[in-house]
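In this note's numbering, the protein residues as written are 241 to 661. Note that beta-carbon positions come from the ideal geometry of N, C-alpha and C, so glycine has one too. These numbers come from a predicted model, not from an experiment. Written out below as structure tokens is the structure these notes cover.
The following block contains the structure:
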């Protein structure tokens, strides 16, 4: 591998900018719901279990849609698939603002998952196709930064709009914001990829032990992270004496600064470690997740507002190391024509099972209290970090590219000056 940084082309900058912008509006759409939880509880008269199920249904539908979306993205135009996804989730989000019952809101939030499933495997495949292997984690981290900034923007907007204009307006604005990026992606060329003969059957991908271990780890990480995100504002409001506006704005600011700093740091460190070890990116992921857990417990157990915010800031920094390297590791394992399919499988398993986190924590809240539910979520995060470190064992034993996949394709590096325009 090259030991010096590879300069980015104009095409690579444009590709990352457009896809990161789409990631921004995607997670603004998803997270705008979080600060609206108290308002929806009062307006629709629903329980915490029902509120938690709204995010869980979105993630379940996202999971179910991820495999067919990844399958199509490895075979057809990725940019058109992404454009369809953006339009679909924007319409579904707008419809959420028209809800007058729990059932209607549950259906519209679930349909947001179809749109999200269409874009993620295709977008991450395009990025790995446009960048050489040694720069993948940092490129994917830049893409993920759009998600984190968008999530912070959604939290802040939901809290401010919900308090001053009502929860319906928050959904309307988030929906309209997604339309322009959906059109912009059609102006970006698809990066090159391998011939269709390199398409890999799904069962063959699931025969790779390192990939299966990553699925288990990602499920735990998703369970924990979406539970903390879904219930964080409500927890700060009811248990830590924050107002709704304070909780939404402070948590959004933490997400904006700590998570963006963390995702970029994690991508950089992971790529540096990968130059020394074939499992370097996994070292970065696992160690960072384990480092985050004591600070999460500090935030959950402390009564002082400054300690709550400081704990969340440091924990958010380390937890966000996960986002860029995990996709890079999956793509490193797979032939190019399996990039979108493998991410689709990863999203299917992790979102389908891990997406039950908000529902489970909501049920624990109804039966006991929300604090105990969040403590359980932190314990699940520890399991995820340890499982990511377990993947190292399989890579050391079988190699980064398992023999069952090595026979299908040797990784073809892009020239350092590659441009497809």
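Coarse secondary structure for residue i, derived from DSSP in three states
i           : result
residue 319 : helix
residue 575 : coil
residue 485 : helix
residue 678 : The chain is shown from 241 up to 661; residue 678 falls before or after that span and cannot be answered.
residue 659 : In this prediction, residue 659 scores a pLDDT of 35, lower than 50, which makes its location untrustworthy; the coordinate-derived value is nonetheless stated afterwards. Note: residue 659 maps to coil in three-state DSSP.
residue 273 : coil
residue 518 : coil
residue 418 : coil
residue 641 : coil
residue 544 : coil
residue 444 : helix
residue 506 : helix
residue 349 : helix
residue 386 : helix
residue 258 : helix
residue 300 : helix
residue 428 : coil
residue 285 : coil
residue 497 : helix
residue 309 : helix
residue 201 : No information on residue 201 is available, as it lies outside the stretch 241 to 661 that the chain covers here.
residue 474 : helix
residue 449 : helix
residue 634 : helix
residue 406 : coil
residue 278 : helix
Residue environment, residue i, which counts as buried when at least 16 other CB atoms sit within 10 Å
i           : result
residue 644 : exposed
residue 314 : buried
residue 390 : buried
residue 416 : exposed
residue 330 : buried
residue 562 : buried
residue 633 : exposed
residue 663 : Examination of residue 663 is not possible in this model, given that the chain is present from 241 through 661 alone.
residue 253 : exposed
residue 398 : buried
residue 316 : exposed
residue 571 : buried
residue 432 : exposed
residue 444 : exposed
residue 642 : buried
residue 511 : buried
residue 579 : buried
residue 551 : buried
residue 517 : exposed
residue 481 : exposed
residue 619 : exposed
residue 534 : exposed
Integer-rounded CB distance, given that residue j should sit under 8 Å from residue i
i           : j           : result
residue 299 : residue 468 : No, residue 299 and residue 468 are not in contact; Cβ-Cβ is about 14 Å, not under 8 Å.
residue 681 : residue 621 : Here the chain comprises residues numbered 241 to 661, so residue 681 is not present and cannot be evaluated.
residue 395 : residue 294 : Rounded, the Cβ-Cβ distance is 16 Å, inconsistent with contact.
residue 581 : residue 442 : 7 Å
residue 258 : residue 457 : That belief does not hold up - the Cβ atoms of residue 258 and residue 457 are roughly 30 Å apart, past 8 Å.
residue 260 : residue 386 : 3 Å
residue 586 : residue 455 : 6 Å
residue 564 : residue 360 : That pair is no contact at about 14 Å.
residue 321 : residue 358 : 5 Å
residue 318 : residue 384 : 18 Å between Cβ atoms; not a contact.
Residue i Cβ short of 6 Å to the ligand HEM heavy atom set
i           : result
residue 582 : Absence of the ligand HEM is noted for the structure shown, with no ligands found whatsoever.
Q. Which runs of the alpha helix (DSSP H), 4 residues or longer, sit entirely within the stretch 575-631?
A. 579-594, 597-607
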